[in-house]
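Student:
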Amino acid sequence: MENVEGNLLNLEKRDSKYKELPKEQRQGILEKLLQQIKENKLNHGAPNEVFSAFQITKNRISVRAVHCKNMIIDNVILAIKSKFPPAYKKKTIYVQQDNAKPHFSDNDADIVALASADDWNIKFKAQPANSFYLNVLDLGFFNSIQSLQYEASPHTIDELINCV
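Residue numbers (numbering that gives the first Met the number 0): 0 to 163.
1) In terms of alpha-carbon separation, which member of 78, 103, 127 lies closest to residue 119?
2) Can you name, in chain order, every residue of its own chain whose Cβ lies under 8 Å from the Cβ of residue 113, other than the five neighbours on each side?
3) Measure from the alpha carbon of residue 68 to the alpha carbon of each residue in 106, 34, 81, then state which is nearest.
4) Look up residue 45 in the DSSP assignment and say whether it is helix, strand or coil.
5) Got a sec, what are the start and stop residues for the beta strand (DSSP E) residue 125 sits in?
6) Identify the residues that DSSP records as bridge partners of residue 96: which are they?
7) Taking the continuous alpha helix (DSSP H) assigned at residue 79, which residues delimit it?
8) From which residue to which residue does the alpha helix (DSSP H) around residue 102 run?
9) Given this structure, state the Cα-to-Cα distance separating residue 142 from residue 149, to the nearest angstrom.
10) Whole angstroms are fine: how far does the CA of residue 62 sit from the CA of residue 97?
11) Can you list, in chain order, the residues of its chain whose CB lies under 6 Å from that of residue 123, leaving out five sequence neighbours each side?
12) Quickly, what does DSSP pair residue 167 with across the bridge? List them, please.
13) Give me the Cα-Cα distance between residue 162 and residue 36, rounded to the nearest whole angstrom.
14) Note down, in chain order, each residue of its chain lying with its Cβ closer than 8 Å to the Cβ of residue 38, except the 5 sequence neighbours on either side.
15) Report buried or exposed for residue 156, applying the criterion of at least 16 other Cβ atoms within 10 angstroms of its Cβ.
16) Quick one: residues in its chain with C-beta nearer than 6 Å to the C-beta of residue 151, no 5 flanking neighbours on either side, listed in chain order?
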C-alpha cells in the first residue's frame with residue numbers, strides 16, 4: 000500500500016531501469032562503499048579519466064547577442080506587426096524577455112527604430128528579477144508537455160514537436 004499514491008499520480012516511471020531498494024539494503028551498500036574507500040580497495044581512475052568520462056555531451060553552438068538581435072529584427076517584430084490587428088498600432092505593445100546573458104539592450108537603436116516604424120509602439124523590457132509572470136515551471140507547463148510526450152511516445156524531435 001506504500002506505492003498506491005505514487006501509482007495513482009503517475010509519479011513513478013513504469014519503464015524505470017533502476018529498482019529502489021529498501022532502506023536497510025541501501026544502508027548496507029553505502030557502508031560497503033565507505034569501507035572499501037577506507038581500505039583503498041575502491042579502484043578509480045586518475046582525475047583526468049573521471050573528468051573525461053563526464054564530457055559525453057555534444058558541444059552546443061553558443062548564442063550571441065547578435066543572433067538574438069537578428070532574430071528579433073527578422074522574425075519577432077515583423078510577426079507582431081503582421082499578426083496584431085491594425086487597431087493596436089497606436090497602443091503600446093510590451094515584449095518581455097528573460098534576463099539571460101545573450102539578449103540585447105532594451106534601448107538598442109536598430110530595434111527601437113524598427114519597432115517604432117509605421118506608427119507602431121513596440122517596447123522591449125527585461126523580466127524583473129524573481130518575476131513569477133514568466134516562470135513556466137511553477138505553472139506546470141513542462142509537466143503537461145511531458146505527459147503529452149509519454150502518451151505519444153515519439154522517437155524523433157519532429158514527432159515530439161508534433162505531439163506537443
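Heads up, the beta-carbon is just placed ideally off N, CA and C, and yes, glycines get one too.
Tutor: Straight from the coordinates:
1) Numbered from 1 along the sequence shown, position 120 holds the residue referred to as residue 119. The candidate whose alpha carbon is nearest that of residue 119 is 78.
2) Locating residue 113 in the sequence shown gives position 114, where the first residue counts as 1. 72, 76.
3) As a working note, residue 68 is residue 69 in the sequence shown. Per the Cα distances, 106.
4) The sequence position of residue 45 within the sequence shown is 46, counting from 1. Unreliable positioning characterises residue 45 in this predicted model, as indicated by a pLDDT of 44, which lies under 50. A coordinate reading is not provided.
5) Taking the first residue of the sequence shown as position 1, residue 125 is located at position 126. Residues 120 to 125.
6) Taking the first residue of the sequence shown as position 1, residue 96 is located at position 97. 125.
7) Translated into positions along the sequence shown, residue 79 becomes position 80. Residues 76 to 82.
8) Working through the sequence shown from its first residue, we reach residue 102 at position 103. Note, residue 102: premise wrong, no alpha helix (DSSP H); not H, not E.
9) Counting from one through the sequence shown, the residue named residue 142 turns up at place 143. Counting from one through the sequence shown, the residue named residue 149 turns up at place 150. Distance between the alpha carbons of residue 142 and residue 149 is about 11 Å.
10) Position 98 of the sequence shown, counted from the first residue, corresponds to residue 97. Position 63 of the sequence shown, counted from the first residue, corresponds to residue 62. Roughly 14 Å separates the two Cα atoms.
11) By one-based count along the sequence shown, residue 123 stands at place 124. Taking C-beta separations shorter than 6 Å and ignoring five residues to either side along the sequence, the partners of residue 123 in its chain run 94, 105, following chain order.
12) Here the chain has residues from 0 to 163 only, and residue 167 is not among them.
13) Position 163 of the sequence shown, counting from 1, holds the residue named residue 162. Position 37 of the sequence shown, counting from 1, holds the residue named residue 36. Their Cα atoms are separated by approximately 48 Å.
14) Working through the sequence shown from its first residue, we reach residue 38 at position 39. Counting only Cβ-Cβ distances below 8 Å, and skipping sequence neighbours, we find nothing.
15) The residue you call residue 156 lines up with position 157 of the sequence shown. Residue 156 is exposed by the Cβ-count criterion.
16) Numbered from its first residue, the sequence shown carries residue 151 at position 152. Closer than 6 Å at the Cβ level, and outside the excluded window around residue 151, lie 162.
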